[in-house]
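Only one structure is covered here, and it is reproduced in the block below.
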Amino acid sequence: MNSTKPSKVRRDDDDVDPFMTKLSRKNGEVNRMRIAALRKKLFDNQLSSDGTDKVLQRRLKNFYKRQLYAESQRQISQPSLEYIAVIDFEATTEETKGFDYPHEIIEFPIVLIEVKNVSVIGEFHEYVKPVLNPKLSKFCRTLTGISQKLVDRADEFPQVFARAVKFLEERVFGTKWAILTDGPWDMSRFLFKQCELSGVPFPRWARKWINIRKVHANYYNVGKPKKIMLMLEDLGLKFDGSLHSGIDDTRNIARIALSLLEDGCDIVTNERLLEPVENEEKSIANSYKRKNLEAQRKSNDSKTVNLDDNQETLASLHAQLHGLEVSKTKRRIRRKEIAPDHNSEEEDTESLLRYFSLQT
Ligand code: AMP
Ligand code: MG
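Quick note: the sequence shown uses our numbering, first residue 686, plus one each step.
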């Protein structure tokens, strides 16, 4: 009698990487640990035992992973980025105004992280004088702690921006680096709008960034992305300074980024600007390139370069074969889009002749 029961699948242990088996066994062990056991294990291994159970689990898993890699003499992959530039702008605002308020950047802080050493290696910090609404609202002053005097004494955006770019240029341009922000708004809204307003080309490097809320939520497996205070709380940390002060926000966001790096997270860009950028560096460079190319083509076209007999034949055959105008095909030959060198030209002619004769 035929049995309908599926036959047992035999696990072929030869196919299973013993290293991966060990790793998943360790991860399973960590998943089953209570918070007290997690803390003890971390403490015994001289690691921080601050944070929620999810954070502690991830930290311990990372520790075991590194340990297993070292034991098996496997190379752990290098981090994707060399530097991370944390930015948190403050902007003019009014309590009652909605999303359409023309925010202008009034505080421009950068905290630069070197990924390799998991450390802060520099800071840039300047205030910015707003132009559309030069008088800060009381609400804005209270929220950000920025006084009227501070912005009155400051330079306008283009000058401050130029110095910020110089700061980055001297430290990270040419390396693998990215901007990191708390949410998508700093680049997609504040910098984007400010560049438009000030007539400054939107930089290419600001089109992609790291939204730390997403990195934190995914890496520690804590559900929905959270605000700075709650991310810090998960890590068992407290906010240092005043919330909504640009430099204090930036330093605290950097602390979260450092914790993620310390816990083995490979931080990479996870958001980008979707809107087309009119005044972006790249599109400007491309439009110059396009204009140059067009000018070059026009000048080539206007040149009445005589084609040799072989090229003339090729032009007429190619045109007939593809149902094209002979003059257009000749232009393509002059631009060297067809038959770039003499040998291939002969070959082309030969094969075209052969093809053509077969068709007629
Ligand atoms: P943040 O990075 O959260 O400090 O906010 C950046 C900017 O967003 C602030 O400088 C304000 O311009 C604006 N902003 C933040 N929170 C509020 C709020 N509750 N009401 C109005 N504007 C706000
Ligand atoms: Mg802020």
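Think of the CB as a built atom: it goes at the ideal place given N, C-alpha and C, for glycine as much as any other residue.
query: Taking a cut-off of 6 Å, which residues have a beta-carbon closer than that to any heavy atom of the ligand MG, in chain order?; result: Asp773, Glu775, His929, Gly931, Asp934
query: Kindly examine the ligand AMP and report whether one of its heavy atoms sits closer than 7 Å to the Cβ of glutamate 780.; result: yes
query: Within a Cβ cutoff of 7 Å, which residues of the same chain sit near leucine 1043, ignoring the five residues on either side of it in sequence?; result: Model confidence at leucine 1043 stands at a pLDDT of 31, short of 50, so the residue's coordinates are unreliable; what they give is reported in the following sentence. Within the same chain, leucine 1043 has no close Cβ partners at all.
query: Between the C-alpha atoms of threonine 777 and proline 787, what's the straight-line distance to the nearest angstrom?; result: 8 Å
query: Are the Cβ atoms of aspartate 1097 and isoleucine 720 separated by less than 8 Å?; result: Residue 1097 lies beyond the range of the chain shown here (686 to 1045); nothing can be said about it.
query: Determine, using beta carbons only, whether arginine 876 and alanine 863 come nearer to each other than 8 Å.; result: According to the sequence provided, residue 876 is leucine. The question's arginine does not apply to it. No, the pair does not count as a contact, with Cβ atoms beyond the cut-off.
query: Which parts of the stretch 837 to 875 are runs of the alpha helix (DSSP H), unbroken and 4 residues or longer, counting only runs that do not cross its ends?; result: 842 to 856
query: Helix, strand or coil for asparagine 730? Go by DSSP, reduced to three states.; result: coil
query: Taking 7 Å as the cut-off, is the CB of histidine 788 close to at least one heavy atom of the ligand AMP?; result: yes
query: Of all the alpha helix (DSSP H) runs that stay within the bounds of the stretch 739 to 784, which reach a length of 4 or more residues?; result: none
query: The ligand AMP and isoleucine 827: does the residue's C-beta get closer than 7 Å to at least one heavy atom of that ligand?; result: Residue 827 is actually threonine in this sequence, not isoleucine. No, Cβ of threonine 827 sits at least 7 Å from all heavy atoms of the ligand AMP.
query: What whole-angstrom Cβ distance do alanine 847 and tyrosine 812 have, given they're in contact under 8 Å?; result: Rounded, the Cβ-Cβ distance is 15 Å, inconsistent with contact.
query: Give a yes or no on whether the C-beta atoms belonging to isoleucine 913 and aspartate 867 are separated by under 8 Å.; result: yes
query: Which same chain residues end up closer than 7 Å to leucine 945 when comparing Cβ atoms and leaving out the 5 residues on each side of it in sequence?; result: Val900, His901, Tyr904, Ile952
query: Given 7 Å as the limit, tell me if threonine 777 has its C-beta closer than that to any heavy atom belonging to the ligand AMP.; result: yes
query: Count the C-beta pairs between the stretch 926 to 933 and the stretch 742 to 754 that are closer than 8 Å, then say yes if the count reaches three, no if not.; result: no
query: Can you tell me whether alanine 942 is buried or exposed? The criterion is at least 16 other CB atoms within 10 Å of its CB, across all chains shown.; result: buried
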